[in-house]
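2 protein chains.
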Amino acid sequence: MASQVDSHPELTPGEQLAVKWYPPAYDIRVESVPIPTIQHRDDAIVKVKLAGLCGSDLHIYRGHGGFQDPLIFGHEFIGEVISLGESFTPNATDRPSLYPTLKVGDKVVSAFTSSCGECHFCRVGFTSRCVHCLLFGIPILPGGQAQYVRVPKAGGTLFAITGPLTTISEPSLVLLADILPTGIYAALQVLQHPKIAPVITGVAYPFSGWTPLARLEGVGQLEVGDRELVLAVVGLGPVGVCATIALLDMLASTNLSYKVIAIDPNESRRLKMQAIYEGMEEKYKANGQFKVEAIEEGKKVVEGWTNSLGCNAVLEIVGNNSALTLALSLVRPFGLISSVGVHQAPPLPFTGRECYNKNVSFDFGRCPVRSLLPVALDLMKRREDVFGAASGTGGGEAEVGGTRSLVDKIVPIGEAKKYYEMFDKGECGKVLFDPWV
Amino acid sequence: MASQVDSHPELTPGEQLAVKWYPPAYDIRVESVPIPTIQHRDDAIVKVKLAGLCGSDLHIYRGHGGFQDPLIFGHEFIGEVISLGESFTPNATDRPSLYPTLKVGDKVVSAFTSSCGECHFCRVGFTSRCVHCLLFGIPILPGGQAQYVRVPKAGGTLFAITGPLTTISEPSLVLLADILPTGIYAALQVLQHPKIAPVITGVAYPFSGWTPLARLEGVGQLEVGDRELVLAVVGLGPVGVCATIALLDMLASTNLSYKVIAIDPNESRRLKMQAIYEGMEEKYKANGQFKVEAIEEGKKVVEGWTNSLGCNAVLEIVGNNSALTLALSLVRPFGLISSVGVHQAPPLPFTGRECYNKNVSFDFGRCPVRSLLPVALDLMKRREDVFGAASGTGGGEAEVGGTRSLVDKIVPIGEAKKYYEMFDKGECGKVLFDPWV
Ligand SMILES: NC(=O)c1ccc[n+]([C@@H]2O[C@H](COP(=O)([O-])OP(=O)(O)OC[C@H]3O[C@@H](n4cnc5c(N)ncnc54)[C@H](O)[C@@H]3O)[C@@H](O)[C@H]2O)c1
Ligand SMILES: NC(=O)c1ccc[n+]([C@@H]2O[C@H](COP(=O)([O-])OP(=O)(O)OC[C@H]3O[C@@H](n4cnc5c(N)ncnc54)[C@H](O)[C@@H]3O)[C@@H](O)[C@H]2O)c1
Ligand SMILES: [Zn+2]
Ligand SMILES: [Zn+2]
Ligand SMILES: [Zn+2]
Ligand SMILES: [Zn+2]
Numbered sequence: 116m117a118s119q120v121d122s123h124p125e126l127t128p129g130e131q132l133a134v135k136w137y138p139p140a141y142d143i144r145v146e147s148v149p150i151p152t153i154q155h156r157d158d159a160i161v162k163v164k165l166a167g168l169c170g171s172d173l174h175i176y177r178g179h180g181g182f183q184d185p186l187i188f189g190h191e192f193i194g195e196v197i198s199l200g201e202s203f204t205p206n207a208t209d210r211p212s213l214y215p216t217l218k219v220g221d222k223v224v225s226a227f228t229s230s231c232g233e234c235h236f237c238r239v240g241f242t243s244r245c246v247h248c249l250l251f252g253i254p255i256l257p258g259g260q261a262q263y264v265r266v267p268k269a270g271g272t273l274f275a276i277t278g279p280l281t282t283i284s285e286p287s288l289v290l291l292a293d294i295l296p297t298g299i300y301a302a303l304q305v306l307q308h309p310k311i312a313p314v315i316t317g318v319a320y321p322f323s324g325w326t327p328l329a330r331l332e333g334v335g336q337l338e339v340g341d342r343e344l345v346l347a348v349v350g351l352g353p354v355g356v357c358a359t360i361a362l363l364d365m366l367a368s369t370n371l372s373y374k375v376i377a378i379d380p381n382e383s384r385r386l387k388m389q390a391i392y393e394g395m396e397e398k399y400k401a402n403g404q405f406k407v408e409a410i411e412e413g414k415k416v417v418e419g420w421t422n423s424l425g426c427n428a429v430l431e432i433v434g435n436n437s438a439l440t441l442a443l444s445l446v447r448p449f450g451l452i453s454s455v456g457v458h459q460a461p462p463l464p465f466t467g468r469e470c471y472n473k474n475v476s477f478d479f480g481r482c483p484v485r486s487l488l489p490v491a492l493d494l495m496k497r498r499e500d501v502f503g504a505a506s507g508t509g510g511g512e513a514e515v516g517g518t519r520s521l522v523d524k525i526v527p528i529g530e531a532k533k534y535y536e537m538f539d540k541g542e543c544g545k546v547l548f549d550p551w552v
Numbered sequence: 116m117a118s119q120v121d122s123h124p125e126l127t128p129g130e131q132l133a134v135k136w137y138p139p140a141y142d143i144r145v146e147s148v149p150i151p152t153i154q155h156r157d158d159a160i161v162k163v164k165l166a167g168l169c170g171s172d173l174h175i176y177r178g179h180g181g182f183q184d185p186l187i188f189g190h191e192f193i194g195e196v197i198s199l200g201e202s203f204t205p206n207a208t209d210r211p212s213l214y215p216t217l218k219v220g221d222k223v224v225s226a227f228t229s230s231c232g233e234c235h236f237c238r239v240g241f242t243s244r245c246v247h248c249l250l251f252g253i254p255i256l257p258g259g260q261a262q263y264v265r266v267p268k269a270g271g272t273l274f275a276i277t278g279p280l281t282t283i284s285e286p287s288l289v290l291l292a293d294i295l296p297t298g299i300y301a302a303l304q305v306l307q308h309p310k311i312a313p314v315i316t317g318v319a320y321p322f323s324g325w326t327p328l329a330r331l332e333g334v335g336q337l338e339v340g341d342r343e344l345v346l347a348v349v350g351l352g353p354v355g356v357c358a359t360i361a362l363l364d365m366l367a368s369t370n371l372s373y374k375v376i377a378i379d380p381n382e383s384r385r386l387k388m389q390a391i392y393e394g395m396e397e398k399y400k401a402n403g404q405f406k407v408e409a410i411e412e413g414k415k416v417v418e419g420w421t422n423s424l425g426c427n428a429v430l431e432i433v434g435n436n437s438a439l440t441l442a443l444s445l446v447r448p449f450g451l452i453s454s455v456g457v458h459q460a461p462p463l464p465f466t467g468r469e470c471y472n473k474n475v476s477f478d479f480g481r482c483p484v485r486s487l488l489p490v491a492l493d494l495m496k497r498r499e500d501v502f503g504a505a506s507g508t509g510g511g512e513a514e515v516g517g518t519r520s521l522v523d524k525i526v527p528i529g530e531a532k533k534y535y536e537m538f539d540k541g542e543c544g545k546v547l548f549d550p551w552v
């Protein structure tokens, strides 16, 4: 199919700029590499408009990803489809129905992992473990911190921005590739969990959730005092901020009373979260309390709020064992740890006895972005008070870099090395690369 | 209150027989010890009729419990209330309503941990982590493998067997103290979990469960092929058998199609499970398949059944790291491990990366028996095909020791040492001690 490729004036034709990481660690180079081409009938080539730098890149950047070979970074990108494989020709048969709808010229946001749309996991909604799932930005699938990127299983992976969605600003669209759906995922795992169900439904365990049991006599309705949710968010990087926004929005949509504490040792990260909260409309805050604290202060707040029982659930959004240990210390017996941090080679920092003794539940893993994208778009459209100021919904230019902005900076791709260093140290918030300036 | 204490003819008055464990390990002695007395206004003294030997005793027996002092074993017992603290006098005030209903002379089954019935955890239904929770059979709370036992927080802990429940045989009643509720707990954690919800509800994630999200357009109904549950039970000791019975009963009450594999390396344990399954009425088996296998064969069955995807969930009912490792290997991405095994000092045998890469969920911990007792009684009454043959419901004598019996033997307490040795080696099934012969 038609293919329209621009090379940078200073590059050889067929070459493009990309952010490359070299092992063992901390070695970022912006280099000229071949422009990718269609390799399979389900592929698309996307011309990248903006690409995000993410906390997940840091694990590999720091050498904890277990990779021996250089790779092109970037799993968060938006852009334009410039070329499509044969599956997308109008008369292609034997493809799932969504395939033929993608067209050259479509503006798209990509999920940060590819997913086919056809397998069991895709159908059930667990797209991030599609049997064809690949993460962008690993040796066998070069990432999107580049001018062009090849997208496998493009019909399942890409989401076309059409109709009313075209009014959303481009920086906001990048948040849809990963961090906003991931934040929603972390929050939803909490509110959908059976250990939270007694508080949500007002009915004591075991009749609190969906149940294959007959409802027996004498099932007690809970009193108001047992229907308060106390929750902690551990980690306020860009994903933690999104998780907190999603959590507070979901809580506002219920009539539960709640207390939420968000914890991060980094002051600038706390200030950003506080500013975003202060910008929220009052009606979204009416049923609960919210605090932002450093680690030790946060522990004390939880003790005070819960009479030392601990939180009903903790969202772990850091990706190291110190955060998991903090999470276990904060959670009450029969509590939940919703972990979306990307964890590496070390063993989990828990003994079996600790887990048994706390009756703790865990959810680990990667966000099924493609399934949650419609939910994330809905949140973004509804919550102008957060996303308008934060990254520009409602059309027009994004207000990037303000105290309430979810996107801190848009910088030329050539400055990638410097911004990896700053982001690694927590010296900046969410950074997007523009590969064309 | 009135107290009526019989000492064994061969013992000094005020003394009783009890099963004592001595550190470091494997040292069981049946000894004469003082008969316990009321120590607190909420206490009861129970004259023990039958007491169970349980897989949980084995952890301490083997020296893995971390105890330095001798203790009286036994957390599963039924008996008769012979003495009550002041809280149970008819005009006692400031006690929860259930307290005054317990009377001297009541026939009772005890939950294997004490629970107050008043605190947050008790009210919410998570009684096994009551703020006053104590396990029977530890140094500070002598257990029920004895002639008499002191029960703290008796109003919350004991369950009186009255009315229609009096037709249940005594061996069956002992199963209610721990193993049947624990089996139900393991099964219910699976069927109530949000990662199973798409299969149960037929709706894809994230709209599959209770949700604080608006139901957006385009939520796909799942096709029949994605609505089959494939589940594994790891461990077929007495608790694993109860879990399998509970799981199959719950599945029969839904209209789901399912495949369940139960795995144990011990052949006699597998034969017992197979015999119980074969004795079940056909109507309870109509929607699914069930198999019992040793470990390697079990793995192959799961591969074949699921085209190597793995199980939707695994019930881990063993209590060691080899079982947890097997469970993780059997479960599919976005699957659940419902662990009721009692785990000890070793760290969990998983790296953070393994957990992230499988998007696995875990539930750990102790069964809230007191909350599940009514459910267990309901199951026992309904499933005459299992419990009638297995331990005698329907009144009359229990048929103990048959191939389909959940109770293998009732033996004199004086033979405790021998039966600890046999049970430890998996050479017998569930054993109950009679402290009066
Ligand atoms: N599950 C998924 O699908 C998914 C998707 C995106 C990102 N992630 C992961 O989410 C995590 C966060 O991503 P990010 O972009 O916000 O990263 P980030 O590195 O910018 O943020 C991490 C934050 O955690 C804070 N922190 C460090 N140790 C802490 C502790 N012990 N307690 C509290 N806070 C602590 C840091 O100060 C920092 O602000 C990373 O592990 C990332 O890989 C997962
Ligand atoms: N969570 C709770 O509230 C609770 C309550 C009661 C018992 N328990 C625990 O449940 C577990 C089982 O109790 P039980 O009385 O049935 O004990 P048990 O020791 O009789 O049974 C354990 C079974 O597991 C089998 N087994 C051992 N390793 C295995 C492996 N790798 N794979 C599969 N099977 C394996 C053994 O052959 C045995 O049949 C114990 O850990 C016990 O402490 C927990
Ligand atoms: Zn990311
Ligand atoms: Zn797929
Ligand atoms: Zn037991
Ligand atoms: Zn209590």
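Sequence lines, in order, name chains A and B.
Those letters in the first sequence? Residues 116 to 552, by my numbering.
Those letters in the second sequence? Residues 116 to 552, by my numbering.
Yeah, the Cβ is synthetic: ideal placement off N, Cα and C, and Gly gets one too.
Here the structure is a predicted model, which means the values were calculated and not measured.
For Leu-186(B), the closest C-alpha among the options Val-264(B), Val-484(B) and Thr-216(B) is that of Val-264(B).
Rounded to whole angstroms, Lys-524(A) and Arg-177(A) show a C-alpha spacing of 22 Å. Runs of the alpha helix (DSSP H) spanning 4 or more residues and lying entirely within the segment 284–354 of chain A occur at 285–290, 294–306 and 312–316, in chain order. In this structure Gly-350(B) is not in contact with Ala-261(B), their Cβ atoms being roughly 28 Å apart against a cut-off of 8 Å. In this structure, the beta-carbon distance from His-235(B) to Asp-184(A) does not fall below 7 Å.
Glu-191(B) has its Cβ nearer than 6 Å to a heavy atom of ligand 5. Judged by DSSP secondary structure, Leu-451(A) falls outside any alpha helix (DSSP H) and instead within the beta strand (DSSP E) spanning 446–454. By the neighbour-count definition (other C-beta atoms within 10 Å, threshold 16), Ile-255(A) is an exposed residue. With contacts defined as CB atoms closer than 7 Å, Ala-312(B) and Thr-272(B) fail to qualify as a contacting pair.
Annotation for Tyr-263(B): the continuous beta strand (DSSP E) segment containing it runs 263–266.
Only His-235 from the segment 216–235 of chain B bring a Cβ to less than 8 Å from some Cβ of chain A. Taking 7 Å as the cut-off, the beta carbon of Gly-240(B) is found closer than this to the beta carbon of Ser-486(B).
Just measuring C-alpha positions, the residue of Thr-359(B), Gly-194(B), Cys-248(B) and Pro-215(B) sitting nearest Glu-285(B) is Gly-194(B). Residue range 484–497 is occupied by the alpha helix (DSSP H) that includes Pro-489(B). The C-alpha of Leu-443(A) is placed about 14 Å away from the C-alpha of Pro-462(B). For secondary structure counted as the alpha helix (DSSP H) over 4 or more consecutive residues, the segment 161–195 of chain A holds these complete runs in sequence order: 170–176. Residue burial annotation: His-155(B) is exposed, with fewer than 16 other C-beta atoms found within 10 angstroms of its C-beta. Here the alpha carbon of Pro-267(B) sits roughly 38 Å from the alpha carbon of Gln-404(A). Residue range 426–431 is occupied by the beta strand (DSSP E) that includes Asn-427(A). At a cut-off of 7 Å between beta carbons, Leu-126(B) makes no contact with chain A. Excluding the 5 residues flanking it on each side, Gly-335(B) has same chain C-beta neighbours closer than 7 Å at Ala-319, in chain order. Residue environment for Gly-167(A): buried (at least 16 other C-beta atoms within 10 angstroms of its C-beta).
Counting only runs of 4+ residues, the alpha helix (DSSP H) found wholly inside the segment 353–395 of chain A occupies 353–368 and 382–393, in chain order. Arg-238(B): member of the alpha helix (DSSP H) spanning 235–239, first to last residue. Residues of chain A whose Cβ lies closer than 7 Å to the Cβ of Pro-313(B) are, in chain order, Val-239 and Gly-240.
For Gly-419(A), the enclosing alpha helix (DSSP H) begins and ends at 410–421. For the 7 Å CB-CB criterion, Lys-310(B) and Val-345(B) do not form a contact. DSSP, read as helix, strand or coil, puts Leu-273(A) in strand. Under the 7 Å criterion on CB atoms, Leu-328(B) is classed as interfacial with respect to chain A.
Apart from sequence neighbours up to five positions away, the residues of its chain that approach Arg-244(B) with a beta-carbon distance below 6 Å are Phe-236, ordered along the chain. Boundaries around Asp-539(A) are those of the alpha helix (DSSP H), 531–539, since no beta strand (DSSP E) includes it.
When Cβ-Cβ separations below 7 Å define contact, Thr-466(B) makes contact with chain A. Beta-bridge partners of Glu-125(A) (DSSP): none assigned. Beta-carbon to beta-carbon, Val-475(B) and Gly-456(A) are separated by about 14 Å, too far to satisfy the 8 Å threshold.
At least one CB atom of chain B sits nearer than 7 Å to the CB of His-458(A).
Non-local C-beta neighbours of Arg-144(A) in its own chain, meaning closer than 6 Å and more than five positions away in sequence, comprise Lys-135, ordered along the chain.
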